[in-house]
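As structure tokens, the structure follows; a few thoughts come after it.
Protein chains: 2
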Amino acid sequence: MSSEAPPPGFELPLRLLLAFRTIIDELHERIAREGHPDLRPMHGFVFQAIGPHGTTASELGRRLGVTKQAAGKTVDNLEQLGYVERAADPSDTRRKLVRLTGRGVDCLVRSARIFDELREEWAATLGEEQLRQLEDGLRRLAPGDPFRLDTPRWFGAP
Amino acid sequence: MSSEAPPPGFELPLRLLLAFRTIIDELHERIAREGHPDLRPMHGFVFQAIGPHGTTASELGRRLGVTKQAAGKTVDNLEQLGYVERAADPSDTRRKLVRLTGRGVDCLVRSARIFDELREEWAATLGEEQLRQLEDGLRRLAPGDPFRLDTPRWFGAP
DNA sequence: TAAGATGGTCAATGAAGTTGTCTATATGGT
DNA sequence: ACCATATAGACAACTTCATTGACCATCTTA
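Protein sequences, first through last, are from chains A and B.
Okay, so the first sequence: first residue is 51 according to this note's numbering, each after it adds one.
Okay, so the second sequence: first residue is 51 according to this note's numbering, each after it adds one.
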């Protein structure tokens with residue numbers, strides 16, 4: 051019957067952020083131990099934006115909400131770290147396809163597994179039923195595609 | 051009873067971030083209409099780190115997880131926007147107290163009210179009971195102080 | 001085939017953080 | 001009381017990452 055006074059409105063957003071941060075920190079701690087110590091929170095978004103079939107720097111910039119020049123520099127970095135590679139596109143010689151390397155794919159596979167493991171641990175903490183209700187509530191509060199790839203830029207936005 | 055397969059593990063963190071972002075974007079849209087169009091998501095954390103009694107640039111840097119120089123520049127910006135002011139500290143002439151101005155306090159008051167309004171709207175969407183369960187689940191998943199003031203730095207961290 | 005749109009790169013700029021250095025002032029041990 | 005040490009704040013140089021602007025090569029289309 052909710053006879054208690056509701057908590058202040060600012061608690062929910064802070065808890066949402068804290069929970070997200072807790073999960074992402076745990077992911078990166080584990081994936082670092084599995085051979086990927088150079089990855090940063092935003093790299094997962096970049097990998098997703100590149101996608102399994104590869105893309106171009108310009109398109110990547112559009113997906114991430116940055117200029118093509120900024121996207122090109124990000125690709126330069128990830129290329130140096132060995133996560134992506136550039137290849138010529140025979141069907142359009144202007145384009146250079148950016149694709150995940152084997153190391154990049156390995157990283158995505160490990161991330162997916164670790165996320166599933168983490169979800170099992172949350173299910174063990176909350177119970178599967180309450181975890182599903184939590185996910186369900188979030189879907190109703192924030193519907194739509196959860197992949198908002200311009201997020202890295204968003205937080206520090208001017 | 052949960053006969054469906056569970057969603058992939060990466061959905062929950064993305065939904066957490068999307069929900070947080072949705073709320074913060076809505077807050078800033080409303081507070082901009084109420085006379086504070088220059089505020090950015092990270093400013094709320096800075097205001098909280100300054101606190102009601104004021105603080106110094108060095109202490110602010112420690113709370114935000116940045117150097118005192120960076121904190122000093124942030125204070126410069128907020129001072130120009132009229133949200134904070136510097137005052138001498140009689141008990142320690144080295145220190146310069148950074149305090150919220152009337153405009154800064156106005157901003158905090160409006161934020162708190164808007165957050166409460168937003169929570170009422172979520173309660174209308176989910177029902178008060180399910181919203182409380184969601185908040186409760188988050189408290190169990192991510193316990194501790196929700197004010198992690200080094201968050202602005204965290205996301206883009208190297 | 002010529003005009004416009006698009007992809008990639010180079011260069012200059014700006015914002016925000018860092019390290020390093022400096023002076024002034026507190027503080028605490030002898 | 002004194003001196004060594006720690007701290008506050010400011011200034012400067014550098015790094016990083018994004019931006020805008022310009023440029024050329026290439027694709028698309030009227």
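Don't be surprised by glycine CBs; every beta carbon is placed ideally from N, CA and C.
In three-state terms, what does DSSP make of B:Arg-149?
B:Arg-149: strand per DSSP, three-state reduction.
Could you name each continuous alpha helix (DSSP H) segment of 4 residues or more that falls completely within the stretch 78 to 159 of chain B, going from the start of the chain to the end?
Runs found: 91 to 100, 107 to 114 and 118 to 130.
Run down chain A in chain order and give the residues with a C-beta less than 8 Å from the C-beta of B:Gly-187.
Per Cβ cutoff of 8 Å: Leu-176, Gln-180, Leu-181, Gln-183 and Leu-184.
Kindly list, in the order they appear in chain B, the residues whose Cβ is closer than 8 Å to that of A:Ile-74.
Chain B residues near A:Ile-74: Pro-63.
Pick helix, strand or coil for A:Ala-162, following the three-state DSSP scheme.
Helix, per DSSP.
Does the count of Cβ pairs from the stretch 143 to 150 of chain A and the stretch 174 to 190 of chain A closer than 8 Å reach three?
As far as the Cβ criterion goes, the stretch 143 to 150 of chain A does not touch the stretch 174 to 190 of chain A, which means the pair count is below three.
In its own chain, which residues sit with a C-beta less than 7 Å from the C-beta of B:Val-116, not counting the 5 before and 5 after it?
So the list reads Arg-203, once near-sequence residues are dropped.
In this structure, how does DSSP classify A:Phe-60 when only helix, strand and coil are distinguished?
Of the three classes helix, strand and coil, the one that applies to A:Phe-60 here is coil, per DSSP.
Note down, in chain order, every chain B residue with its Cβ under 8 Å from the Cβ of A:Thr-201.
Near A:Thr-201 (Cβ distances below 8 Å), the residues of chain B are Leu-67 and Arg-71.
For B:Pro-102, would you say it is in contact with chain A, using Cβ-to-Cβ distances shorter than 8 Å as the test?
Chain A, which has no Cβ nearer than 8 Å to the Cβ of B:Pro-102, makes this no.
Classify B:Val-159: buried if its beta carbon has 16 or more other beta carbons within 10 angstroms, exposed otherwise.
Its Cβ having fewer than 16 others within 10 Å, B:Val-159 is exposed.
Quick check on the burial criterion: 16 or more other C-beta atoms within 10 angstroms. Buried or exposed for B:Ala-55?
Looking at its Cβ environment, which holds fewer than 16 other Cβ atoms inside 10 Å, B:Ala-55 is exposed.
Around the C-beta of A:Pro-174, are 16 or more other C-beta atoms found within 10 angstroms, so that it is buried, or is it exposed?
The displayed chain sequence assigns Ala, not Pro, to residue 174 of chain A. By the neighbour-count rule (16 or more Cβ atoms within 10 Å), A:Ala-174 is not buried but exposed.
Specify whether the stretch 118 to 133 of chain A and the stretch 153 to 167 of chain A touch according to this definition: at least 3 beta carbon pairs, one from each stretch, less than 8 Å apart.
The answer is yes - the stretch 153 to 167 of chain A touches the stretch 118 to 133 of chain A, with three or more Cβ pairs under 8 Å.
May I have the straight-line CA-CA distance separating B:Arg-112 from B:Lys-118, to the nearest angstrom?
C-alpha separation (whole angstroms): 7 Å.
B:Glu-178 lies in the alpha helix (DSSP H); which residues open and close that run?
Per DSSP, B:Glu-178 belongs to the alpha helix (DSSP H) from 178 to 191.
So with Cβ pairs under 8 Å, would you call B:Asp-156 a contact of chain A?
Cβ-Cβ to chain A under 8 Å: no for B:Asp-156.
Please report how far the alpha carbon of B:Leu-188 lies from the alpha carbon of A:Asp-200, in whole angstroms.
Going by the C-alpha atoms only, they are around 25 Å apart.
Could you work out which residues of chain A lie near B:Pro-196, taking near to mean beta carbons separated by less than 7 Å?
In chain order: Glu-61, Leu-64, Arg-65 and Leu-68.
Hey, is B:Phe-165's beta-carbon within less than 8 Å of any beta-carbon in chain A?
Yes, its Cβ sits closer than 8 Å to a Cβ of chain A.
Output yes if chain A places a C-beta closer than 8 Å to the C-beta of B:Leu-168; else output no.
Yes, contact with chain A.
Please look up how many angstroms separate the CB atoms of B:Phe-70 and A:Leu-184, rounded, as I've assumed it's under 8 Å.
Actually they are not in contact, since the Cβ atoms of B:Phe-70 and A:Leu-184 sit about 14 Å apart, beyond 8 Å.
Going along chain B in order, which residues have a C-beta closer than 7 Å to the C-beta of A:Ala-121?
Simply none; closest approach about 16 Å.
So which residues on chain A does B:Arg-160 lean against when the C-beta distance must stay under 9 Å?
In chain order: nothing, as chain A lies at least about 12 Å away.
Checking 8 Å against the spacing of the C-beta atoms, do B:Leu-64 and A:Pro-196 come in under that value?
Yes.
Smallest Cα separation from A:Ala-137: which of A:Gly-104, A:Arg-83, A:Leu-168 and A:Ala-121?
Selected option, being the one with the closest Cα: A:Gly-104.
Please report the straight-line C-alpha distance between B:Ala-121 and B:Leu-89, rounded to a whole angstrom.
Between B:Ala-121 and B:Leu-89, the C-alpha separation is close to 17 Å.
Assign B:Glu-54 to one of three DSSP states: helix, strand, or coil.
Three-state DSSP puts B:Glu-54 in coil, outside helix and strand.
Indicate whether at least one CB of chain B lies closer than 8 Å to the CB of A:Ala-192.
Yes, its Cβ sits closer than 8 Å to a Cβ of chain B.
Skipping 5 residues on each side, what residues in its chain have a beta carbon closer than 6 Å to that of B:Asp-139?
Arg-145 and Leu-147.
Could you tell me which of A:Phe-165, A:Pro-193 and A:Arg-153 sits nearest to B:Trp-172, measuring between CA atoms?
Looking at the Cα atoms, A:Pro-193 is the closest of the given residues.
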